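In the numbering used here, the protein residues as written are 873 to 1288.
A virtual CB, placed ideally from N, CA and C, is assigned to each residue, including glycine.
Just so it is clear, the structure is predicted and the values come from calculations on it, not from any experiment.
Taking it in order: structure first as structure tokens, then the write-up.
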């Protein structure tokens, strides 16, 4: 059984073909600059050590999908004879609002519901819908499934997801905390429970997804009860280019001082703030650490600020959970920066956290799942490489086989 995963952006389309029988990625790639000129497709086949970039005028997502089909079925990079070998297509959808609490088979009604909450993710959901419609048009006989970034966090209680704003804003405009990176938090929290030798519903776990985007989650007995990202992915921790939590009066104050409008401010907060805003030149934490070691004071400041915010979030969630079994670091930075991990946990020894500093600094994603706390640490600390794609594919397979249940009941392959 082969599953095609599509992640559609406004001008890009990432794809991955997964062989469920052999549990391996057989091909992957991306189509970039759709509809804006100088477009190209980059196609990779790991089993053949094959990688090729082809420039072509790709005016829309329908043409992009046809190029993906061509790349998968023809030429040196072909991995299947025709599209009939594909059993299903999975589509990443950023925002499911309150309606979608788990992955679903895509129908016309599902498309209408995704469209109805597109105002909550105006940069993402419309693009996701374009990919869904183009995919269904190109492969009408194949079942299509939607996997939502927000679904895992729909277990948050009302007192955690509501904001202290006029209640009518929630009722009339759906203003509330939604949270994102759901499949990543789901995967690493369940893997942490397995490493602890327990069922997920027996564990309290803090997960720290640290990449260009950053979010932390408090997971109590297998359920997300709070997360740092909110109404949008702008909230919470300091990120590569996003500011995270700030005084809400600052944007209005600066709009007046700079005489700029909301679109300018939205772009600045999302694309020119965070680590980039502090350092003035970097978003990649490897560059930041290298410059800090070379004496760049603003890069050193950025590291301290990021770690401090993560430490505050971990401490806050420890109190929210009442008792913590494990803390998990994941995603690009969380998996590979021993410095960020160490600084995040500094001063938390009174929680029962003891970090093996030498082991931590020598641990990277290539090493796989690693416990980086000392044997006598009451709270275990893990580095667990995330595998959102596996959650994605397993949901698709279960839905088309009619064996799917919500994540608290479904027997994912990675639970052991």
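Item, Value
"Short Cβ contact (7 Å threshold) for residue 1235 with residue 1059", "no"
"Beta bridge counterpart(s) of residue 1255 as assigned by DSSP", "1201, 1242"
"Where residue 974 sits in the DSSP three-state scheme", "coil"
"Residue 1131 in three-state terms, based on DSSP", "coil"
"Three-state secondary structure assigned by DSSP to residue 959", "strand"
"Alpha carbon of residue 1185 to alpha carbon of residue 921, nearest angstrom", "41 Å"
"Start-to-end residues for the alpha helix (DSSP H) that takes in residue 1059", "1054-1068"
"Identity of the residue in 1197, 878, 1179 nearest residue 1091 by Cα", "1197"
"According to DSSP, residues forming a beta bridge with residue 893", "In DSSP, residue 893 forms no bridge with anything."
"Minimum C-alpha distance to residue 990 - residue among 1134, 1019, 969, 933", "969"
"Residue nearest to residue 881 in terms of C-alpha spacing, selected from 1248, 953, 1195, 908", "908"
"Alpha helix (DSSP H) runs wholly inside the segment 1170-1218, at least 4 long, in chain order", "1203-1208, 1210-1217"
"Sub-7 Å separation of residue 1123 and residue 1137 beta-carbons", "yes"
"Sequence ranges, alpha helix (DSSP H) only - wholly within the segment 1012-1060, length at least 4", "1030-1033, 1039-1045"
"Contact under 7 Å by Cβ, residue 1222 with residue 1080", "no"
"Rounded straight-line distance, which links the Cα of residue 1263 to that of residue 1055", "7 Å"
"Burial state of residue 1239 (16 or more Cβ within 10 Å)", "exposed"
"Spatial distance of residue 1066 from residue 1251 (CA atoms)", "15 Å"
"From 914, 1109, 1114, residue whose alpha carbon lies closest to that of residue 1298", "Residue 1298 is absent from the model: the chain starts at 873 and stops at 1288."
"Where residue 950 sits in the DSSP three-state scheme", "coil"
"Length of the line joining the Cα atoms of residue 994 and residue 1061", "29 Å"
"Residue burial classification, residue 1280 (beta-carbon count within 10 angstroms, cutoff 16)", "exposed"
"Neighbourhood of residue 1048 by C-beta, 7 Å cutoff - its chain only, sequence neighbours within 5 removed", "1033, 1034, 1035, 1042, 1103"
"Residue 1280, enclosing beta strand (DSSP E) - first and last residue", "Taken as a continuous stretch (DSSP letters only), residue 1280 belongs to no beta strand (DSSP E), as it is neither H nor E."
"Residues near residue 838 in its chain [Cβ-Cβ closer than 6 Å; skip 5 each side]", "With the chain represented from 873 up to 1288, any question about residue 838 goes unanswered, as that position is not in the structure."
"Proximity to residue 1107 [Cα-Cα], best of 1050, 1010, 983, 885", "1050"
"Extent of the continuous alpha helix (DSSP H) run through residue 1229", "1229-1233"
"Beta-carbon contacts of residue 1145 that lie in its chain and below 7 Å, excluding the five residues immediately before and after", "1113, 1114, 1115"
"Sub-7 Å separation of residue 1179 and residue 1147 beta-carbons", "no"
"Cross-strand partners of residue 1075 (DSSP beta bridge)", "Residue 1075 is not bridged to any residue."
"Exposure of residue 1210, with buried meaning 16 or more beta-carbon neighbours within 10 Å", "buried"
"Rounded C-alpha distance that separates residue 1153 from residue 1127", "23 Å"
"Beta-bridge partners of residue 887, as assigned by DSSP", "878, 901"
"Residue 912, enclosing beta strand (DSSP E) - first and last residue", "912-917"
"Exposure label - residue 1261; buried when at least 16 CB within 10 Å", "buried"
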